[in-house]
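Asks: Please find one structure pasted underneath; my questions will follow.
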Amino acid sequence: MNSTKAVSPTPSFIEMLVRRRVLRTFFLVFLVAVVVWRIGTALWANPTLFLQQVIDGLRLGFVYALIALGYTMVYGIVRLINFAHGDVFMIGAFMSYLAIARVQLHLWPTKVFPGISPVLASGIGSITVILLSMAVCALAAITIERVAYKPLRSAPRISALITAIGVSFFLEYFGALDFVFTPNFITYKRPFDVTTWVFGSGGVQALVPGQAIPENTVTFSNISIIIVIATIFLLVVLQYIVTQTKIGKAMRATAYDQQTARLMGINVNGIISVTFAIGAGLAGAAGMLYAIAFPQVTFLMGVLPGLKAFVAAVLGGIGSIPGAFVGALIMGQAEVLSAAYISTPMRDAIAFTILIVVLLVRPTGIFGEAQREKA
Amino acid sequence: MFKRIDRNSLLFFGVTIGFFVVVQVLILVGVLTPFYETLLRLGAVYAIVSLGLNMIYGFNGQFSLGQWGFYAIGAYTAADITFRWTNQASTAGLTVLLFIVLLVGAAILILYKLLGRLRGLDALSAFTVYLLAAFGLAVVGVKIGQVVAIPLNSVLAALPAGIATTIVYVLAVIIGALIAAEVSFLFGLPVLTLGSDYFGIATLGFTIIVKVLLDNSDTLLGFEEMKGARGMIGIPKVTTWFWVFLFLMIVIVVVRNLLHSSYGRAIVSVREDEIAAKAMGIDVGHYKTLTFVLGSFFAGLAGALYAHINGFLHPDMFNFIKSFDPMIIVVFGGLGSVTGTVFAAFVWPLVLEGLLRQILPPGFETWRYVVYPLLLLIMMLLKPNGLFGNFEVPYLRQVLPALRKKISTERSQAPSAPAVKEVNG
Amino acid sequence: MSDFTPAPSNNTHEEILHIEELTKLFGGLRAVNNFSLTLHRGDLNGLIGPNGAGKTTVFNMITGVYTPTNGVINFMGQNITGLEPYQINQMGIARTFQNIRLFPKLTVLDNVRIAYHPHAGYGLMDGILHNGRFQQKETELTEKAQDFLAVFNLQDRQGEIASNLPYGEQRRLEIARALAAEPRLLLLDEPAAGMNPAETVSLMELIHFIRERFNLTILLIEHQMRVVMGICEYITVMDFGEVIARGTPAEIQANPRVVEAYLGPGSAALSEKFSRKKAL
Chain A
1 MNSTKAVSPT PSFIEMLVRR RVLRTFFLVF LVAVVVWRIG TALWANPTLF
51 LQQVIDGLRL GFVYALIALG YTMVYGIVRL INFAHGDVFM IGAFMSYLAI
101 ARVQLHLWPT KVFPGISPVL ASGIGSITVI LLSMAVCALA AITIERVAYK
151 PLRSAPRISA LITAIGVSFF LEYFGALDFV FTPNFITYKR PFDVTTWVFG
201 SGGVQALVPG QAIPENTVTF SNISIIIVIA TIFLLVVLQY IVTQTKIGKA
251 MRATAYDQQT ARLMGINVNG IISVTFAIGA GLAGAAGMLY AIAFPQVTFL
301 MGVLPGLKAF VAAVLGGIGS IPGAFVGALI MGQAEVLSAA YISTPMRDAI
351 AFTILIVVLL VRPTGIFGEA QREKA
Chain B
376 MFKRIDRNSL LFFGVTIGFF VVVQVLILVG VLTPFYETLL RLGAVYAIVS
426 LGLNMIYGFN GQFSLGQWGF YAIGAYTAAD ITFRWTNQAS TAGLTVLLFI
476 VLLVGAAILI LYKLLGRLRG LDALSAFTVY LLAAFGLAVV GVKIGQVVAI
526 PLNSVLAALP AGIATTIVYV LAVIIGALIA AEVSFLFGLP VLTLGSDYFG
576 IATLGFTIIV KVLLDNSDTL LGFEEMKGAR GMIGIPKVTT WFWVFLFLMI
626 VIVVVRNLLH SSYGRAIVSV REDEIAAKAM GIDVGHYKTL TFVLGSFFAG
676 LAGALYAHIN GFLHPDMFNF IKSFDPMIIV VFGGLGSVTG TVFAAFVWPL
726 VLEGLLRQIL PPGFETWRYV VYPLLLLIMM LLKPNGLFGN FEVPYLRQVL
776 PALRKKISTE RSQAPSAPAV KEVNG
Chain C
801 MSDFTPAPSN NTHEEILHIE ELTKLFGGLR AVNNFSLTLH RGDLNGLIGP
851 NGAGKTTVFN MITGVYTPTN GVINFMGQNI TGLEPYQINQ MGIARTFQNI
901 RLFPKLTVLD NVRIAYHPHA GYGLMDGILH NGRFQQKETE LTEKAQDFLA
951 VFNLQDRQGE IASNLPYGEQ RRLEIARALA AEPRLLLLDE PAAGMNPAET
1001 VSLMELIHFI RERFNLTILL IEHQMRVVMG ICEYITVMDF GEVIARGTPA
1051 EIQANPRVVE AYLGPGSAAL SEKFSRKKAL
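Protein chains in written order, with this note's numbering: chain A, 1 to 375; chain B, 376 to 800; chain C, 801 to 1080.
Here you go:
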């Protein structure tokens, strides 16, 4: 930014412009004004459509939050961008798909207890499937961590990063093999029936299948509700683990200073594995929820949601759990709103544009702690 | 000392030009099938783009995943120019882009000098100035270019077709590289102020943004000939082995000369210790920008060459998953090793497209992408410094200057010497 | 070698560095408060104080790593407050670091040659083309660096990778590198840290030597009282970001406030000081 020339006195007007960062403010205000104007006019033109977008954005944001937590926890503890995390998410989606479509695991309550009420049966069945996905993902993550990352813990960070990229490719293309997940798009079978409600001037009504959506109404389905409830439940559990339990304390200590944590008698390797497992478990749950919301699975499905969730984690301040959650909600809204009001094809680009702008204004993210440069 | 450098240079150029001639003869005789010739050309292109990344990451220490985005920019820019010339007999693409490049480039250089004098100017403010200037001048460039294109059309039409196409092609390649460099300057200006991982993720974002823009190049950007996500066809296939080799040699010599100059040492000092470099009077921001722009220039150059190999471009070629390719090549070859990068870049397509296709049984082609990450993992576990580590062939190696005789007298003048010596003894 | 020695000034009491009301806040922490200091040409002054007293923060503000919250730093009559570190270095202030910061994977020669970069004397294009101007200037620069290494008795080590040098030589190389840029003012941050007694003695001689040889003004932070009391002519004592005493070594040793600052009025204050993170 600066030439090597010696500094010469500059006119005071320009000096004032520089010191007050006038141009920077001008630039940012311009950006914000454009966004506010787009959203404002959209809201004015069709409030129900806008509300619909916000609800869809929330649904997406909650799924991103689950993935982002894994990124932020792993980064917080080993300073590694775990590129394979998105593919663990993919594994979670596929596990639930296999459990439902091949084994019909979600039907076990009705088989074992024939008289059980259908709602309770599909509830228990779905929970079983999601727990299975989470367990498989956790196991996969522990294996990955032990085999690929652990031997490189003292190596330069780039080695671990390249390894993460390698693991990611391996999972993707191993999944693409014909006898694993196949390279095709597969339609996902939901473990329960979708019910859609219409919220409009006539109050809340269930939508009959095949019925057209009435004008000027907002629709939401049990999928959104399940995603929100499941995510909040998992978040509360996670928050409890991290803040209230001994393992959580050890995790925070390890994240703060591995060397000292080791001296304090903490099994650092074990804690790192647990962190990977918890993060992967959340990603596994996210995989199933995402597949339920967007019922199609493929071996590359984890890449973009994974990246966006990582962006969300960075946006919120990497290493911060509330930050990841807030970042993910912002990401979900940004994606859906930009798809609706700015440009549908640009939805993937806008997530990164927001990231770049936020990082420039607040280099450590929204909730990130300022790190003092050490001289 | 100079004699040794000369011998090394002779050896280096002898071997490389020999390699070039052998390959060229094999191509002419027909021993080397077009398939393998393409792999060699691809190798050279990858070498250029990876050398650019090695400058940014290996020597300057900036973890960039944006290399592929600049590669894409170079490819599409150059392809657009040659496409318009061969398919529409129009030089409008050439002149318009040429004037944009020249005007924006001049503006950047002038503003850089002027803004550098301001004390405490923040990156975003500077970015705003550059952006406004670039946009304004781009509009002017379009107008001038459209006017100049008309007489140039007739001039080039008067030349033999082969010569005219070659002129347009070479200019297109250079313009593609320059556009990539200028975009990288604008993008790098604010983003280079971010910390390492954040910079990495922002540059990854850049690659994704470029890919999405290319997906919609016909609708959003208004370049109908690029055909968006359907892929651009009809680009003249004029990148021969000669051209890729020529540009690769130029890039190697430029990188080598730069690294062995005071500027190269300044670039490397930023990687070694940013704070110490600042304290030694090195303008760290300046050298980060310089290296980033230079690396992106190489990426654009490689992209422009690549566009004319198959005559076909598709946004999926510039998918961010591919953007890890140059990073993997650089790490495979050895971070900070020019030799290793070039070697790995040639091996990469040969192994992935050539060898693995040959040794894997039919029907197992998808296994290539399972095998290569495994190779990468094994490599990282066993040889994390890359195949070549810090090794360089003699020409690329830094020659340690001989000690001067005079020094022995100097030493006796220094009163601290005996006391210090005693401690080390 | 004459090019290393600046022309002697007639006025030996010329002000080199003048700091006034320097303050630095980190969030709520007042790391440095109302610090002032004046150095004259040829001074060899010390800056001491317990851990976390703000000494290194002062260095970081002088060299531009931190921008002061308040206050003015004048160097040879020019206001350098808020300049970039590289600009300050080019104006003639060089420093070393508490924990040695060499360019670890580069050779000893390159470590010194990097310090010459601002005076390379050829342009980027010359560097890329390796033309005649490059050859000539690069040879000059290299010979200058080699001569310089010879002064510090490191010329035989020119091809050694910096991180492979023994500790004492690394320290010496760091000082050599700082001086290569021909500064007027040298800031040494705990140069004797981690040195054994013999190494410390040779360091003290080295400091005396470079001061004479390069006509330097030196400000040093040091914990080893033997070094401070042995070579500094004038000492400034800091505690909790404030200057608590100034004077000659003898005066400082007799000052009760200094003794209190180091030993503390009670164990409570002592432990508090220990628990505070060092500014660097």
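Heads up, the beta-carbon is just placed ideally off N, CA and C, and yes, glycines get one too.
1. How about C:Ile928: is its C-beta nearer than 8 Å to some C-beta of chain B?
2. With 8 Å set as the bound, which would you pick, yes or no: does the beta-carbon of A:Thr163 sit closer than that to a beta-carbon of chain B?
3. Quick check on the burial criterion: 16 or more other C-beta atoms within 10 angstroms. Buried or exposed for B:Ile584?
4. Are B:Gly520 and B:Ala555 close, meaning C-beta to C-beta below 8 Å?
5. Ignore the nearest five residues each way along the sequence and tell me which others in B:Ala539's own chain have a CB closer than 6 Å to its CB.
6. Exposed or buried, which one is B:Val659 when buried takes at least 16 other CB atoms within 10 Å?
7. For B:Lys586, return the contacting residues in chain C, with the cut-off set at a CB-CB distance below 8 Å.
8. Among the residues of its own chain, which have a CB less than 6 Å from the CB of C:Leu987, if the five just before and after it don't count?
9. Provide the residue(s) that pair with C:Tyr1034 in DSSP beta bridges, ordered along the chain.
10. Should A:Ser201 be labelled buried (16 or more other beta-carbon atoms within 10 Å of its own) or exposed?
11. Return the chain-ordered list of same chain residues with a C-beta closer than 7 Å to the C-beta of B:Ile456, the five sequence neighbours on each side being excluded.
12. Following the continuous beta strand (DSSP E) through A:Trp197, name the residue where it begins and the one where it ends.
13. Name the residue from B:Val587, B:Ala652, B:Gly537 whose alpha carbon lies nearest to the alpha carbon of A:Ile350.
14. Looking at the ligand PLP, does it come within less than 7 Å of A:Leu238, judged from the CB to the closest heavy atom?
15. Who are the neighbours of A:Val18 on chain B, taking C-beta pairs under 9 Å?
16. Mind listing which residues of the segment 888-916 of chain C have their C-beta closer than 8 Å to chain B's C-betas, in chain order?
17. Taking 8 Å as the threshold, find out whether the segment 62-77 of chain A comes into contact with the segment 302-316 of chain A through three or more Cβ pairs.
18. If we call anything under 8 Å between Cβ atoms a contact, is B:Leu567 one with B:Phe667?
19. Do we get a CB-CB distance below 8 Å when we pair B:Ala641 with the residues of chain C?
20. Pick from B:Thr716, B:Gly715, B:Pro748: whose alpha carbon is nearest that of B:Leu731?
21. Check distances from the C-beta atoms of the segment 745-768 of chain B to those of chain A and list, in chain order, the residues that come in under 8 Å.
22. Check whether the Cβ of B:Asn591 lies closer than 8 Å to any Cβ atom in chain A.
23. Looking only at its own chain, which residues have a Cβ that is under 7 Å from the Cβ of B:Gly800, when we skip the five neighbours before and after it?
24. Examine the Cβ distances between the segment 921-936 of chain C and the segment 683-702 of chain B and report whether three or more of them are shorter than 8 Å.
25. Just mark C:Ala1054 as buried or exposed, buried being the case when its beta carbon has 16 or more other beta carbons within 10 Å.
26. Hey, how far is the Cα of B:Ile392 from the Cα of B:Phe672?
27. So, using beta-carbon positions, are A:Leu80 and A:Glu172 closer together than 8 Å?
28. Of all Cβ atoms in chain A, is any one closer than 8 Å to the Cβ of B:Gly875?
29. Which residues in the same chain have their Cβ closer than 8 Å to the Cβ of A:Val228, if we skip the five residues on either side of it in sequence?
30. Can you give the Cα-Cα distance for A:Val336 and A:Ile330, rounded to whole angstroms?
31. Please report the straight-line C-alpha distance between A:Pro214 and A:Leu207, rounded to a whole angstrom.
32. Once you ignore the five residues that flank A:Ser96 on each side, which residues in its own chain have a CB closer than 6 Å to its CB?
33. Spatial neighbours of A:Val274 within its chain, please: CB distance less than 8 Å, with the 5 preceding and 5 following residues excluded, ordered by chain position.
34. Please report how far the alpha carbon of C:Glu969 lies from the alpha carbon of B:Phe510, in whole angstroms.
35. Tell me, to the nearest whole angstrom, how far the beta carbon of C:Thr856 is from that of C:Gln898; I am working on the premise that it is less than 8 Å.
36. By DSSP, does C:Gln1024 sit in helix, in strand, or in coil?
Replies: Reading off the structure:
1. Position 128 of the third sequence, counting from 1, holds the residue named residue 928 of chain C. Using beta-carbon distances, C:Ile928 counts as an interface residue toward chain B, with a partner under 8 Å.
2. Residue 163 of chain A sits at position 163 when you count from the first residue of the first sequence. Yes, A:Thr163 lies at the interface with chain B (some Cβ there is under 8 Å from its Cβ).
3. Walking along the second sequence from the start, residue 584 of chain B turns up at place 209. Around the beta carbon of B:Ile584, a 10 Å sphere encloses 16 or more other beta carbons of the protein chains shown; the residue is thus reported as buried.
4. Here the question's residue 520 of chain B lines up with position 145 in the second sequence. Here the question's residue 555 of chain B lines up with position 180 in the second sequence. Against a cut-off of 8 Å, the Cβ pair of B:Ala555 and B:Gly520 comes out as no contact.
5. Taking the first residue of the second sequence as position 1, residue 539 of chain B is located at position 164. Once the five neighbours on either side are set aside, the close Cβ partners of B:Ala539 are Leu531.
6. What you label residue 659 of chain B is simply residue 284 of the second sequence in a count that begins at 1. Flag for B:Val659 reads buried.
7. Along the second sequence, one-based indexing puts residue 586 of chain B at 211. Ordered by position in chain C, no residue passes the 8 Å Cβ test against B:Lys586, which lies about 32 Å from the chain.
8. Numbered from its first residue, the third sequence carries residue 987 of chain C at position 187. Cβ neighbours of C:Leu987 within its own chain (closer than 6 Å, five residues either side excluded): Phe859, Arg895, Leu1019.
9. Within the third sequence, the letter at position 234 stands for residue 1034 of chain C. Looking at the DSSP assignment, C:Tyr1034 forms a beta bridge with C:Asn845.
10. As a position in the first sequence, residue 201 of chain A is number 201, starting the count at 1. Taking all protein chains in view, the Cβ of A:Ser201 is surrounded by fewer than 16 other Cβ atoms within 10 Å, so the residue is classified as exposed.
11. Here residue 456 of chain B refers to the residue found at position 81 when the second sequence is read from its first residue. Within the same chain, B:Ile456 has close Cβ partners Gly468, Leu469, Leu472, Val543, Ala547, Ile550.
12. The residue given as residue 197 of chain A occupies position 197 in the first sequence. Unbroken beta strand (DSSP E) run through A:Trp197: 196-200.
13. On the first sequence, position 350 is the one that residue 350 of chain A refers to. Comparing Cα positions, the closest option is B:Val587.
14. Of ligands this structure carries none, so the ligand PLP is not represented either.
15. Taking the first sequence and counting its residues from 1, the one referred to as residue 18 of chain A is at position 18. Within chain B, the residues placing a beta-carbon under 9 Å from that of A:Val18 are Leu493, Arg494, Gly495, Leu496, Asp497, Ser500, ordered along the chain.
16. Of all residues in the segment 888-916 of chain C, Asn889, Gln890, Ala894, Arg895, Phe897, Arg901, Leu902, Phe903, Pro904, Lys905, Leu906, Thr907, Leu909, Asp910, Arg913, Ile914, Ala915, Tyr916 have a Cβ within less than 8 Å of some Cβ in chain B.
17. The segment 62-77 of chain A is in contact with the segment 302-316 of chain A.
18. On the second sequence, residue 567 of chain B is found 192 positions in, with the first residue counted as 1. On the second sequence, residue 667 of chain B is found 292 positions in, with the first residue counted as 1. Yes; because the gap between Cβ atoms is below 8 Å, this pair is in contact.
19. For the purposes of this step, residue 641 of chain B is identified with residue 266 of the second sequence, where counting begins at 1. Among the CB atoms of chain C, one or more fall inside 8 Å of the CB of B:Ala641.
20. Taking the second sequence and counting its residues from 1, the one referred to as residue 731 of chain B is at position 356. When each option's Cα is compared against that of B:Leu731, the closest is B:Pro748.
21. For the segment 745-768 of chain B, the set of residues with a beta-carbon nearer than 8 Å to any beta-carbon of chain A comprises Val745, Tyr747, Pro748, Leu749, Leu751, Leu752, Met755, Leu756, Pro759, in chain order.
22. As a first step, residue 591 of chain B is located in the second sequence; it is residue number 216 there, counting from the start. Interface residue, yes.
23. Position 425 of the second sequence, counting from 1, holds the residue named residue 800 of chain B. Low local confidence applies: a pLDDT of 31 at B:Gly800 is under 50, so the model's placement there is unreliable, and no value is given.
24. Judged by Cβ distances under 8 Å, the segment 921-936 of chain C makes no contact with the segment 683-702 of chain B, as fewer than three pairs qualify.
25. Position 254 of the third sequence holds residue 1054 of chain C. Answer is exposed; the Cβ neighbour count stays below 16.
26. Residue numbering aside, residue 392 of chain B sits at position 17 when the second sequence is read from its first letter. Residue numbering aside, residue 672 of chain B sits at position 297 when the second sequence is read from its first letter. B:Ile392 and B:Phe672 have their alpha carbons spaced roughly 24 Å apart.
27. Sequence index remark: in the first sequence, residue 80 of chain A carries index 80 (1-based). Sequence index remark: in the first sequence, residue 172 of chain A carries index 172 (1-based). Cβ distance not < 8 Å, so A:Leu80 and A:Glu172 don't count as in contact.
28. What the structure shows of chain B is the stretch from 376 to 800, and residue 875 of chain B is not part of that stretch, so it cannot be assessed.
29. Against the first sequence, residue 228 of chain A aligns to sequence position 228. The residues are Leu58, Arg59, Phe62.
30. Here the question's residue 336 of chain A lines up with position 336 in the first sequence. Here the question's residue 330 of chain A lines up with position 330 in the first sequence. Distance between the alpha carbons of A:Val336 and A:Ile330 is about 10 Å.
31. Here residue 214 of chain A corresponds to residue number 214 of the first sequence, with the count starting at 1. Here residue 207 of chain A corresponds to residue number 207 of the first sequence, with the count starting at 1. CA-to-CA, the gap between A:Pro214 and A:Leu207 works out to about 10 Å.
32. For the purposes of this step, residue 96 of chain A is taken as residue 96 along the first sequence, with counting starting at 1. The beta carbon of A:Ser96 is closer than 6 Å to those of Val129, Ser133, Met288 in its chain, skipping five residues each way along the sequence.
33. Against the first sequence, residue 274 of chain A aligns to sequence position 274. For A:Val274, where only same-chain residues beyond five positions count, the Cβ hits under 8 Å are Ile247, Met251.
34. Against the third sequence, residue 969 of chain C aligns to sequence position 169. Against the second sequence, residue 510 of chain B aligns to sequence position 135. Going from the Cα of C:Glu969 to the Cα of B:Phe510 covers about 54 Å.
35. If you number the third sequence from 1, residue 856 of chain C lands on position 56. If you number the third sequence from 1, residue 898 of chain C lands on position 98. Yes, they are in contact, since the Cβ atoms of C:Thr856 and C:Gln898 sit about 6 Å apart, within 8 Å.
36. Residue mapping note: residue 1024 of chain C aligns to position 224 of the third sequence, counting from 1. In the structure shown, the three-state DSSP call for C:Gln1024 is coil.
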